[in-house]
Structure formats: structure tokens, C-alpha cells
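Everything in the sequence shown is counted per the numbering used here, starting at 71 for the first residue and increasing by one.
For every residue, glycine included, the Cβ atom is placed at its ideal position computed from N, Cα and C.
Here the structure is a predicted model, which means the values were calculated and not measured.
So the structure is just underneath, and the comments pick up after that.
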Amino acid sequence: MSSTLESIEMLLKKELPGVRQDVLLKDHTTFQIGGPARYFLEVRKKGMLVKALQTAKKLNLPFFILGGGSNLLVSDEGFKGLVVKIESENGIVLKSETVIEAPAGVQMEHLVDFSLQNHLEGLEWSGGLPGTFGGAIRGNAGAFGGEIKDSILEVEALDKDLNLHVLSNAQCQFSYRSSIFKKENWIVVSATLQCKKGHKENLEKIAQSRIDYRIEKQPLDLPNAGSIFKNCDLKWFSSEWQKELAHVVKQDPFPVVPTAYLISEANLKGTRAGGAEVSKKHPNFIVNIDNAKAADVLELIEIIKAKVKEKYGVMLEQEVQYLE
Ligand SMILES: Cc1cc2nc3c(=O)[nH]c(=O)nc-3n(C[C@H](O)[C@H](O)[C@H](O)COP(=O)(O)OP(=O)(O)OC[C@H]3O[C@@H](n4cnc5c(N)ncnc54)[C@H](O)[C@@H]3O)c2cc1C
71 MSSTLESIEM
81 LLKKELPGVR
91 QDVLLKDHTT
101 FQIGGPARYF
111 LEVRKKGMLV
121 KALQTAKKLN
131 LPFFILGGGS
141 NLLVSDEGFK
151 GLVVKIESEN
161 GIVLKSETVI
171 EAPAGVQMEH
181 LVDFSLQNHL
191 EGLEWSGGLP
201 GTFGGAIRGN
211 AGAFGGEIKD
221 SILEVEALDK
231 DLNLHVLSNA
241 QCQFSYRSSI
251 FKKENWIVVS
261 ATLQCKKGHK
271 ENLEKIAQSR
281 IDYRIEKQPL
291 DLPNAGSIFK
301 NCDLKWFSSE
311 WQKELAHVVK
321 QDPFPVVPTA
331 YLISEANLKG
341 TRAGGAEVSK
351 KHPNFIVNID
361 NAKAADVLEL
371 IEIIKAKVKE
381 KYGVMLEQEV
391 QYLE
């Protein structure tokens, strides 16, 4: 080991006693794919998060923020820096009758449960959405016509220089699967949600129906990372295709053509590369059927992009984040 690497390791261990080495990221992603993180730290408190990032900066060490790993493809070589996994088992509080505050690291599942227990409307669309609150805010997660931005009141976040900001909903620059946090690489620390008083049983029914829909339509029995591509804006298509595709267009959150439909029509369902397969159940999902490598998934992504471009003339945009 070089002496520089040795001194980085000594300093890291001194500053961040919980830091571990060579942690396989496949064990921290829903895809179950990915090589090792050279350094890996789980943080539960804001102070620890800031300290970890300050230390990485001081040592000139690249860092990566990990939430639930449900929107992530990690390269087979892993990440040669510090992965900081934000996770919080608790910390969700009712700030007022209709305002919830929660740290970035809580699982969306727990946040939805909390809102339902408190008869609050606003998150029921996200029943069954994997991942953390912070990950959902960064990617403005959405489904069934709802998006996390619809309920966000304020977000506490760190900018690239680790200055803490409190942003209003408008300042978050939310758009389809995006936000200032994604565009500028800011780190979500916590946020508040403005909900409405609702009827607990009705809200529970809606949330459960979303979970049931996912079980029915998505290949949840196999490791995956959700939708690989964003849905396609109807405006991207030629007027001929717009007419032809009118019967599949859905409003989510604006007129889109479901990418799953395009992949299916390009006859790609069941296409394999190594241990990865284009799901037969939901073609916008790639599933890890047999110890897939990231390289297998990347190969399928390229095949899908090329075939869809050839048939429909549109270039698919990736939703899944790639870490290398
Ligand atoms: C079965 C399945 C179904 C899915 N369904 C949907 C769906 O309906 N709608 C939808 O939108 N998504 C869906 N997803 C994708 C995924 O669940 C969401 O994108 C989720 O919000 C990602 O959160 P995460 O904590 O897992 O993020 P991760 O996968 O850990 O990280 C994703 C990105 O967010 C960054 N990040 C994580 N936490 C923070 C933070 N605190 N601050 C700043 N950046 C952060 C990471 O650096 C990374 O770039 C699905 C995924 C799966 C596996």
C-alpha cells in the first residue's frame, strides 16, 4: 500500500471510527449488483453526516451518498472513495396538526405509515415505493399521478461546500424525476411535508391498492432497481407516432408514453445479457436473474436504447443512477 493511501486510512479511521473497508455494494442495492466501496460509513445523525463529508473533503476523497440503493446500478469495480449511507430508524415527528418532519434517512414505507396513523393525506400514492425520504426528494419520486414535490414544504440540505440551507418548495426546482439536489449534487438532510387531514381508512385503502398494483405488475420476486428509463414525453415523437400511440398515453405527471410499452413493442421482453434480463412482467425493469454483473445490465440498456431509437426515433433517458 502506498504511504499516501496508508495515511488517508489512518486519518479516516481516527476521524470516523465506524468506517469500514471494501464493503460490497451489491449488499446495499436492490439490484444486488456492484463491487466494493473502498470506504463505507453508515450515518444516522446530521452531525455525523457533516463530519463524514468534511473529512472526505479534507482528504480529497470522492464521496457518494447512498440511501436505500433502490435507484442505483453500481459498477462491478465498485467505488474508490467513501460511500456514506444515510439511514434513520426514527426521527419522524408531527410538527403541527398537518406538518410532518423527517430525516432524509427514513424509509418511505415508515413515513407513509406515520402519515396514515396520523390520518394525514398526501403520501398515500407512494404505497410500496422503496428507498429513503432523501432519495425520493432528490429524484422527485412519483407514481400514480403523485409526486413527492406535491407535499414538500421545506427541505434542509447541504450544498457542495457543505453549507446548510433551508429551501422552500419553489427553491427545490422540482421537475419530472429531478430537483436542485440532483442537478447541483446537494445532499438532503431532512424535510417537512405539508399534509391535509384525511380519512384514515380511505387513505389506507389507497396506499394498499398501490402496493397490490406493484405486486401484480412488477417483478418484485427478482432483484431490480425499478424503472430503468423515464417515461417518454409525448412531444418527443413525430406527429405520426403521436397519433399511433394515443391509446397508451397517460398523464403522469404530463402526457407520457410508457417506456415499458415501447420496449415491449420493440420485442425486447426476455432479452438476456449474462445474468440480466429485460423483465417479461414489466419490460421497463431489468431483473437480476443469475448473479448479473453491472456490465450485463449496461449491455441491455444499450440494446434497449438502440432498438427503441430505431423504431420510434426517440432516445430513452435513464432513470437509474450509475455509480462507478
Ligand atoms: C421495485 C421498485 C419500484 C420503484 N418504483 C418507483 C416509482 O414508482 N416511482 C419512482 O419515482 N421511483 C421508483 N423506484 C426507484 C426508487 O425507489 C426511487 O427513485 C427512490 O426514491 C430512490 O431512493 P433511495 O433512497 O433508494 O436512493 P438510492 O438508490 O440510494 O440513491 C439514488 C440517488 O439518490 C442519491 N441520494 C440518496 N439519498 C440522498 C440524499 N439524502 N441526498 C441527496 N442525494 C441522495 C444517491 O446519491 C443516488 O444518486 C422504484 C424502485 C424499485 C426497486
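Considering only C-alpha positions, which residue in the set the options is nearest to residue i?
i       : options                               : result
Ala-107 : Val-93, His-352 and Lys-115           : Val-93
Ser-297 : Ala-330, Leu-119, Glu-194 and Leu-131 : Ala-330
Asn-337 : Lys-127, Tyr-382 and Leu-119          : Tyr-382
Glu-224 : Ala-172, Lys-128, Leu-95 and Glu-372  : Ala-172
Gln-278 : Trp-306, Cys-242 and Asp-183          : Asp-183
Ile-257 : Ala-365, Leu-142, Phe-203 and Gln-91  : Phe-203
Glu-274 : Tyr-109, Glu-179 and Glu-387          : Glu-179
Glu-409 : Lys-379, Pro-323, Asn-361 and Ala-213 : What the structure shows of the chain is the stretch from 71 to 394, and residue 409 is not part of that stretch, so it cannot be assessed.
Val-396 : Cys-265, Asn-210, Gly-137 and Ser-221 : Shown here, the chain extends from 71 to 394; a query on residue 396 therefore has no answer.
Asn-272 : Trp-195, Gly-340, Phe-251 and Lys-83  : Trp-195
Tyr-109 : Gln-102, Gly-117 and Leu-86           : Leu-86
Lys-267 : Thr-100, Lys-351 and Leu-190          : Leu-190
Leu-402 : Leu-164, Thr-99 and Ile-170           : Because residue 402 is not part of the residues shown, which for the chain are 71 to 394, the question remains open.
Asp-229 : Glu-159, Ala-376, Lys-127 and Leu-292 : Lys-127
Arg-247 : Asp-322, Asp-360, Glu-372 and Ala-362 : Asp-322
Asn-160 : Leu-181, Ser-166, Asn-301 and Ala-362 : Leu-181
Arg-208 : Lys-320, Ala-261, Lys-351 and Val-89  : Ala-261
Ile-276 : Glu-387, Phe-101, Leu-290 and Phe-214 : Phe-214
Lys-270 : Asn-188, Ser-238 and Lys-363          : Asn-188
Val-163 : Asp-291, Ser-309, Leu-263 and Glu-387 : Leu-263
For the alpha helix (DSSP H) that contains residue i, what are its first and last residues?
i       : result
Ala-376 : 364-382
Val-176 : From DSSP, Val-176 is part of no alpha helix (DSSP H); its letter is neither H nor E.
Asn-361 : That residue, Asn-361, is in no alpha helix (DSSP H); it is neither H nor E in DSSP.
Phe-251 : 250-253
Leu-315 : 309-315
Ser-279 : 270-287
What residue does the beta strand (DSSP E) around residue i start on, and which one ends it?
i       : result
Thr-262 : 257-264
Phe-101 : That residue, Phe-101, is in no beta strand (DSSP E); it is neither H nor E in DSSP.
Val-326 : 325-327
Gln-91  : 90-94
Tyr-392 : 391-393
Lys-155 : 149-156
Phe-214 : Run containing Phe-214: none; DSSP gives neither H nor E here.
Ala-295 : No beta strand (DSSP E) holds Ala-295; DSSP gives it neither H nor E.
Between residue i and residue j, which are expected to be in contact by the criterion C-beta below 8 Å, what is the C-beta distance as a whole number of angstroms?
i       : j       : result
Ala-346 : Asn-358 : 6 Å
Gly-47  : Ile-281 : The structure shown does not extend to residue 47, since the chain is modelled only from 71 through 394, so no value can be given for it.
Val-259 : Ala-211 : Between Ala-211 and Val-259 the Cβ distance is about 18 Å, and since that is not below 8 Å, they are no contact.
Gly-105 : Val-144 : 7 Å
Leu-304 : Pro-328 : That belief does not hold up - the Cβ atoms of Leu-304 and Pro-328 are roughly 11 Å apart, past 8 Å.
Lys-219 : Phe-244 : 4 Å
Tell me which same chain residues have a C-beta within less than 6 Å of the C-beta of residue i, skipping the five on either side of it?
i       : result
Ala-343 : Asp-366, Glu-369 and Leu-370
Leu-131 : Gly-151 and Leu-152
Arg-284 : Gly-198
Lys-116 : Val-259
Asn-301 : Val-326, Pro-328 and Thr-329
Can we count residue i as close to ligand 1, meaning its CB is less than 7 Å from some heavy atom?
i       : result
Arg-208 : yes
Gln-391 : yes
Gln-264 : no
Gln-312 : no
Val-258 : yes
Asn-301 : no
Gly-296 : yes
Leu-133 : Leu is not the amino acid found at residue 133; the sequence shown has Phe there. No, Cβ of Phe-133 sits at least 7 Å from all heavy atoms of ligand 1.
Ile-333 : no
Leu-21  : One cannot answer for residue 21 here, as it falls past the ends of the chain, which runs 71 to 394.
Thr-202 : yes
Gln-124 : no
Arg-63  : Nothing about residue 63 can be read from this structure; the chain reaches only from 71 to 394.
Leu-94  : no
Ala-346 : no
Verify the contact flag: residue i, CB atom, against every heavy atom of ligand 3, threshold strictly below 7 Å.
i       : result
Thr-100 : Here the bound small molecules are ligand 1; ligand 3 is not part of this structure.
Below 8 Å CB to CB, which residues in the same chain sit around residue i once its five sequence neighbours on both sides are set aside?
i       : result
Leu-393 : Leu-95, Gly-104, Phe-134, Leu-142, Leu-143, Val-144, Ser-145 and Phe-149
Gln-312 : Leu-304
Here's a check: name, in chain order, each residue in its chain whose Cβ is nearer than 7 Å to the Cβ of residue i, leaving out the five neighbours to either side.
i       : result
Ser-185 : Ile-170, Gly-192, Leu-193 and Cys-265
Met-385 : Lys-375 and Lys-379
Leu-81  : Leu-129
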